[in-house]
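*Asks:* One line per chain: the protein sequences are A and B, in this order. First residue of the first sequence? That's 1 in our numbering, and the numbers climb one at a time after it. First residue of the second sequence? That's 1001 in our numbering, and the numbers climb one at a time after it. First the structure, then my questions, so here it is.
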Amino acid sequence: MSNSLIIGQYVPGQSLVHKLDPRTKITIIFFFVFIVFFANNLVSYTLLTVFALASMFISRVPIRFILKGLTPVWFLIVFTFILHLFVTKEGTLIFDLYIFEFYTGGVIQGFAISMRFFLLILMTSLLTLTTTPIEITDAIEDMLHPLKKVKFPVHELALMMSISLRFIPTLMQETEKISRAQASRGVDFKTGPIKERAKAVVPLLVPLFVSAFKRAEELAMAMEARGYQGGEGRTKLRELKIEKRDILIYVLFACVIAGLIYTRNY
Amino acid sequence: MGKKLIEFRNVSFRYGDEQPWVLKNCSFDIYEKEWLAIIGHNGSGKSTIAKLMNGLLFPQEGEIIIDGQQVNEESIWSIRKDVGMVFQNPDNQFVGTTVQDDVAFGMENRGIPREEMITRISETLSAVGMQDYLLTEPHRLSGGQKQRVAIASVLAISPQVLILDEATAMLDPKGRTEIMQTVNNVQEKNELSLITITHDLQEVVQADRVIVMNDGEIWDEAIPRDIFSKKDDLREIGLDVPFVAILADELKANGISITKEPLNHEELLEDLWTLHLKT
Ligand SMILES: Nc1ncnc2c1ncn2[C@@H]1O[C@H](COP(=O)(O)OP(=O)(O)OP(=O)(O)O)[C@@H](O)[C@H]1O
Ligand SMILES: [Mg+2]
């Protein structure tokens, strides 16, 4: 049971990618998402693919986890490819059978767009695979810090996220407990028509909500008793630190961007 | 007895204007370094007293003075530095995503520098025997382990008073004894005042002093031995009496003279085996 309770998809590890500051990872992925759309020829695509695949191999995250992250979007990738195959009528005709008229342009376009998708998904899932949710929370809190000036509740938002992360497994355990208790009283969640099953969820949700509210109230009181008075004047135990390796990665990524700009005009 | 640390002066409290009084004109003192147990039936106002000591609630009448400061809106933040509190449900007071984050929470609130937090975390976690669980998430801990972490979190802010509001109620007898042992060690080492609110007689017997609450009033205030000599009265207000005390009563009723009210089996045994020497 405890295995199914891991939040997100984090795969523990000690690789360079794991150890990078979460802000570095988020920044790089943010820019990667942009530059992927600048790739326009074989060389530039190869450059980005090499960068993405190298990150993947350095992270030492088993391929099956990455494939699992890709499953929901495989369809999209294949679909875009096929769509381009049919729609784009450029280049030379390479295949002609009834309505199936495929041009080289279609193949190239379809391939390029699918590749973009693939790279985007690969990089973003690499972020969640190598960074714990709490690290991401800390990074977001830190990166949104300037928004405090316009009264955006950055600290509160981060606290909310971290408390949710803390309580998701607890509430999941509780859901399981309640559903067992209700099942032992004859409530059937698993079989029967959808309408019946939906009805069976009510005796699950009601006690869950009641207990969640009670928890929230008690937690608020405990936090206050422990001296919580908002983000002002707080210090932090978890610390984010830019190390040499982060700088190295930034430099490397800058080179990739420069390389991309250069190879675009090939 | 040491210096007065907490004073309740004619404190009355109710949760709302329309609601009945939960505490009625309560006055008592708590001294430095003492262990005070508060007992009483469900709803007699014990938890309310605890929350008043921490400024989570304010009395409508009377005043509460903690270490020379009156509890009010301005003083609560400095009072909460002195008064640490552990609640009954270990799950609903665990704020951090890991053990070390949770112990840090109270210190972060007080702006304690990071380096000091790290040393205090390892100190307090060793004090409660949880030093090997620094990075463990709460849902992988048992109730007793979570309660130990809660105690460590409170100790980390080095309070002068530690309030345990039925903090051991969810534990098995072994876990309960272990935690009380831990708390007792820490109390003696750090010279804290300890206030335990409990239904566990074993805990009450070990305390220096006992306050018995009944319907929002202080029914009695004495050392454990004197409290448990009033067995019939205690039963009348819905409280339990330790088994040895009942046994001693039965023995007395059967003509065996017992010199003092025994608090545990050893004391009763002592009395019984010396009985023949005296007769
Ligand atoms: N938040 C609240 N709002 C209104 N009334 C409350 C609230 N909390 C407690 N009470 C009432 O105040 C009275 C005293 O409650 P308190 O929690 O202090 O009792 P207690 O002695 O701690 O009982 P227990 O042994 O069950 O923990 C009870 O009658 C209860 O119904
Ligand atoms: Mg209570």
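Glycine included, every Cβ here is placed at the ideal spot set by N, Cα and C.
Going by DSSP in three states, A/R234 sits in which element: helix, strand or coil?
*Replies:* Of the three classes helix, strand and coil, the one that applies to A/R234 here is coil, per DSSP.
*Asks:* Three-state secondary structure (DSSP) at B/N1184?
*Replies:* The answer is helix: DSSP assigns B/N1184 an H, G or I state.
*Asks:* Would you list the one or two residues that DSSP bridges to B/Q1070?
*Replies:* B/I1065
*Asks:* Can you list, in chain order, the residues of the segment 1164 to 1177 of chain B whose Cβ is nearer than 8 Å to any Cβ on chain A?
*Replies:* none
*Asks:* Answer yes or no: the CB of A/S184 versus the heavy atoms of ligand 2, is any distance below 7 Å?
*Replies:* no
*Asks:* Taking the C-alpha atoms as reference points, what is the distance between A/F152 and A/M143?
*Replies:* Cα-Cα distance, rounded: 13 Å.
*Asks:* Could you check whether the segment 1191 to 1201 of chain B touches the segment 1015 to 1024 of chain B, counting it as contact only if at least three pairs of C-beta atoms, one from each stretch, sit closer than 8 Å?
*Replies:* no
*Asks:* Should A/K148 be flagged as near chain B, meaning a C-beta pair shorter than 8 Å?
*Replies:* Not an interface residue.
*Asks:* Distance cutoff 8 Å, beta carbons only. Does A/Y10 sit that close to anything in chain B?
*Replies:* no
*Asks:* Taking just the CA atoms, how far does B/V1183 sit from A/E196?
*Replies:* C-alpha separation (whole angstroms): 52 Å.
*Asks:* Among the candidates B/E1032, B/A1169 and B/L1005, whose CA atom is the shortest distance from the CA of B/A1188?
*Replies:* Correcting the residue type first, residue 1188 of chain B is Glu in the shown sequence and not Ala. That would be B/E1032, whose Cα lies nearest to the Cα of B/E1188.
*Asks:* Tell me where the alpha helix (DSSP H) around B/D1132 begins and ends.
*Replies:* Run containing B/D1132: none; DSSP gives neither H nor E here.
*Asks:* If distances are taken between C-alpha atoms only, which option among A/F167, A/A158, A/T131 and A/P203 comes closest to B/D1140?
*Replies:* The residue you asked about is not Asp; residue 1140 of chain B is Arg in the sequence shown. For B/R1140, the nearest C-alpha among the options comes from A/F167.
*Asks:* In three-state terms, what does DSSP make of B/I1223?
*Replies:* coil
*Asks:* For the segment 1149 to 1162 of chain B against the segment 1122 to 1136 of chain B, are there 3 or more C-beta pairs whose distance is under 8 Å?
*Replies:* Yes: the two stretches touch, three or more of their Cβ pairs being nearer than 8 Å.
*Asks:* On the three-state DSSP scale, how would you describe B/A1037?
*Replies:* strand
*Asks:* Taking C-beta pairs closer than 9 Å, name the residues in chain B that A/R215 reaches, listed in chain order.
*Replies:* N1089, D1091 and N1092
*Asks:* Taking the CB atoms as reference points, tell me whether B/L1023 and B/G1175 lie closer together than 8 Å.
*Replies:* no
*Asks:* Less than 7 Å between C-beta atoms, sequence neighbours within five positions excluded: which residues of the same chain meet that for B/P1224?
*Replies:* V1204, V1205, A1207, V1210 and L1263
*Asks:* Give a single yes or no on whether A/T175 has its beta carbon closer than 7 Å to a heavy atom of ligand 1.
*Replies:* Result no, Cβ not under 7 Å from ligand 1.
*Asks:* For the candidate residues A/E224, A/A212, A/E101 and A/A39, whose alpha-carbon lies nearest to that of A/T263?
*Replies:* A/A39
*Asks:* Run the CB neighbour count on A/C269, radius 10 Å, all protein chains shown included, and call it buried at 16 or more, exposed below.
*Replies:* The first residue shown for chain A is 1 and the last is 266, placing residue 269 of chain A beyond what the model contains.
*Asks:* Taking Cβ-Cβ distances shorter than 9 Å, what residues in chain B pair up with A/L237?
*Replies:* G1096, Q1100, D1101, V1103, A1104, F1105, M1107, E1108, R1114, M1117, I1118 and I1121
*Asks:* Output, in sequence order along the chain, the residues in the segment 1176 to 1202 of chain B whose CB is closer than 8 Å to any CB in chain A.
*Replies:* none
*Asks:* Out of curiosity, what's the CA-to-CA distance linking B/V1095 and A/V50?
*Replies:* 42 Å
*Asks:* Roughly how many whole angstroms lie between the Cα atoms of A/I35 and A/F118?
*Replies:* 14 Å
*Asks:* Look up B/M1170 in the DSSP assignment and say whether it is helix, strand or coil.
*Replies:* In this structure, B/M1170 counts as coil in the three-state DSSP scheme.
*Asks:* By Cβ distance below 6 Å, which residues in the same chain neighbour A/Y228 in space, the five residues on each side in sequence not counted?
*Replies:* none
*Asks:* Nearest chain A C-beta to B/P949 closer than 8 Å, yes or no?
*Replies:* Absent from the structure is residue 949 of chain B, since the part of chain B shown begins at 1001 and ends at 1279.
*Asks:* Considering A/R197, what are the terminal residues of the alpha helix (DSSP H) in which it resides?
*Replies:* I194 to A225
*Asks:* For A/R64, count neighbouring C-beta atoms within 10 Å of its own C-beta (all shown protein chains included) and say buried if the count is 16 or more, exposed if not.
*Replies:* exposed
*Asks:* Would you say the beta carbon of B/D1200 is closer than 7 Å to some non-hydrogen atom of ligand 2?
*Replies:* no
*Asks:* Give the residues from the segment 227 to 254 of chain A that approach chain B closer than 8 Å (Cβ to any Cβ), ordered along the chain.
*Replies:* Those residues of the segment 227 to 254 of chain A placed with their C-beta closer than 8 Å to a C-beta in chain B are G227, Y228, Q229, G233, R234, T235, K236, L237, R238 and E239, ordered along the chain.
*Asks:* Got a sec: does ligand 3 put a non-hydrogen atom nearer than 7 Å to the Cβ of B/K1051?
*Replies:* With respect to ligand 3, the structure offers nothing, as its ligand set consists of ligand 1 and ligand 2.
*Asks:* Might you give, ordered along the chain, the residues of its own chain that have their beta carbon closer than 7 Å to the beta carbon of B/T1259, omitting 5 neighbours on each side?
*Replies:* D1271
*Asks:* Which term fits B/W1273, buried or exposed, when burial requires 16 or more other beta carbons within 10 angstroms of its beta carbon?
*Replies:* A residue is called buried once 16 or more other Cβ atoms fall within 10 Å of its Cβ, and B/W1273, having fewer, is exposed.
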